[in-house]
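Numbering (our numbering) for the sequence shown: -5 to 268. C-beta: ideal position from N, C-alpha, C; glycine also. Remember, predicted model here, so these are calculated numbers, not experimental data.
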Amino acid sequence: MRWTASEIGGLNTQSFVIPELVHTKSFDDLTISGFLYKPNKPGPHPVVVYIHGGPESQFRPGFSSTFQYWVNELGLAILATNVRGSAGYGKTFVQLDNGFKRENSVKDIGAFLDWIESQSDLDADRVAVYGGSYGGYMVLASMTHYNNRLKAGVDNVGISNFVTFLTNTKAYRRDLRRAEYGDERDPEMYKFLQEISPTNNAEKITKPMLIAQGQNDPRVPVTEAEQMRDIIRKNGGEVWYLVALDEGHGFRKKTNRNYYYNALSLFWEEFLLK
């Protein structure tokens, strides 16, 4: 028996899309999964691949006004992924992206792109990537690896270079992050982190990017966004850059969130829906 009822502000709950759990195999036969939100009309639908932050976090389905708006009003499908390194799948799974294994999680996005190509109701020619914080790094890395398979990318407060990130993040977080990403003070790890960092592979990105950042972010400093913006623009690429002067790690204030999500919708309309 249901004991409670929530205020839905006049919304028609029958229009809400319930996501479907999907699975696929990655390059090394590892099973990875995600949740697919899909419009209730015939496809093929353009797709936004969402990558959570953390990286030791997990996407779990719940009500998202943003996802529901994109699905119902813009006609987008959303594939919310849980790549290796995500929590909730056991201790082995959560450590499969640590240190020198970092780019294996990026290869998981390649496997999801393969899966999208196999679905007749999804449009593999109109796919974008979207994520924040560590998910922002994953967006930038995916754009360097799969630029020709993607239409656009949105990076929100993302890491663009692991060495500069570890150097400039607040001291209280540094050792914790080194345990996950690797210790940049070790020469071999320093070389590896520089090799895989999006700032050093930015010439591979030729598709439009939206980069959003809080000016006062203590976790991922604003310099991470600025250096990625500048490098892409120097290479002749297109970047929409949005910085909130009164925000930290993510947009908390309603006016900023509204502006950000309106900009996001315009970005999708301009570069993904056409």
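Grab me the residues of T60's own chain with a C-beta within less than 7 Å of its C-beta, minus the 5 sequence neighbours each way, in chain order. On the sequence shown, residue 60 is found 66 positions in, with the first residue counted as 1. Closer than 7 Å at Cβ, skipping near neighbours: Y255.
DSSP state of L70, grouped into three classes? Counting from 1 along the sequence shown, the entry for residue 70 is found at position 76. DSSP places L70 in coil when its eight states are reduced to three.
With three or more C-beta pairs closer than 8 Å as the rule, is the segment 134 to 154 touching the segment 211 to 227? Enough Cβ pairs lie closer than 8 Å, so yes.
Would you report the Cα separation of Y128 and Y175, rounded to the nearest angstrom? Taking the first residue of the sequence shown as position 1, residue 128 is located at position 134. Taking the first residue of the sequence shown as position 1, residue 175 is located at position 181. Rounded to whole angstroms, the gap between the alpha carbons of Y128 and Y175 is 11 Å.
Ordered along the chain, which non-local residues of its own chain (more than five positions away) have a Cβ less than 6 Å from that of Y131? Position 137 of the sequence shown, counted from the start, is the residue given in the question as residue 131. Once the five neighbours on either side are set aside, the close Cβ partners of Y131 are G152, I153.
Assign D23 to one of two classes, buried (16 or more other C-beta atoms within 10 Å of its C-beta) or exposed (fewer than that). Start at 1 with the first residue of the sequence shown, and residue 23 comes out as number 29. Under a 10 Å Cβ-count criterion, D23 is classified as exposed, with fewer than 16 other Cβ atoms of the shown protein chains found around its own Cβ.
Tell me which residue opens and which closes the beta strand (DSSP E) that K19 is part of. Indexing the sequence shown from 1 puts residue 19 at position 25. Per DSSP, K19 belongs to the beta strand (DSSP E) from 14 to 19.
Would you list the residues sitting across from Y44 in a DSSP beta bridge? For the purposes of this step, residue 44 is identified with residue 50 of the sequence shown, where counting begins at 1. Its beta-bridge partners are A74, Y124.
Per-residue DSSP class, three states only, for A118: The residue you call residue 118 lines up with position 124 of the sequence shown. Strand, per DSSP.
As assigned by DSSP and simplified to three states, the class of W234: To locate residue 234, count along the sequence shown from 1; it is residue 240. W234: strand per DSSP, three-state reduction.
Using alpha carbons as the reference points, say which of A71, P49, K101 lies closest to Q89. The residue labelled residue 89 in the question sits at position 95 within the sequence shown. The candidate whose alpha carbon is nearest that of Q89 is P49.
Would you list the residues sitting across from L90 in a DSSP beta bridge? On the sequence shown, residue 90 is found 96 positions in, with the first residue counted as 1. In the DSSP output, where bridge partners are listed per residue, L90 has none listed.
Given this structure, state the Cα-to-Cα distance separating I278 from M183, to the nearest angstrom. A query on residue 278 cannot be resolved here, the shown segment of the chain reaching from -5 to 268 and no further.
Does the beta-carbon of T75 have 16 or more other beta-carbons within 10 angstroms, so that it is buried, or is it exposed? Taking the first residue of the sequence shown as 1, we reach residue 75 at position 81. By the neighbour-count definition (other C-beta atoms within 10 Å, threshold 16), T75 is a buried residue.
Residues sharing a beta bridge with S27, DSSP: As a first step, residue 27 must be located in the sequence shown, where it is residue number 33. Answer is H17, N76, bridged to S27.
Would you mind working out which of N250, E189, W234, R246 sits nearest L260, comparing C-alpha positions? The count along the sequence shown starts at 1 and reaches residue 260 at position 266. Minimum Cα distance to L260 is reached at W234.
Taking only the alpha-carbon atoms, compute the straight-line gap between D169 and V157 and give it to the nearest angstrom. The residue labelled residue 169 in the question sits at position 175 within the sequence shown. The residue labelled residue 157 in the question sits at position 163 within the sequence shown. In a straight line, the C-alpha of D169 is about 13 Å away from that of V157.
Within its chain, find whatever has a CB closer than 8 Å to the CB of T163; leave out the 5 residues flanking it on each side and keep chain order. Translated into the one-based positions of the sequence shown, residue 163 becomes position 169. Excluding sequence neighbours, T163 sits near R171, P212, R213, V214, P215.
If the criterion is Cβ atoms closer than 8 Å, does the pair V42 and L30 meet it? Numbered from its first residue, the sequence shown carries residue 42 at position 48. Numbered from its first residue, the sequence shown carries residue 30 at position 36. No, the pair does not count as a contact, with Cβ atoms beyond the cut-off.
CA-CA distance, K228 and E197? Residue 228 sits at position 234 when you count from the first residue of the sequence shown. Residue 197 sits at position 203 when you count from the first residue of the sequence shown. In a straight line, the C-alpha of K228 is about 9 Å away from that of E197.
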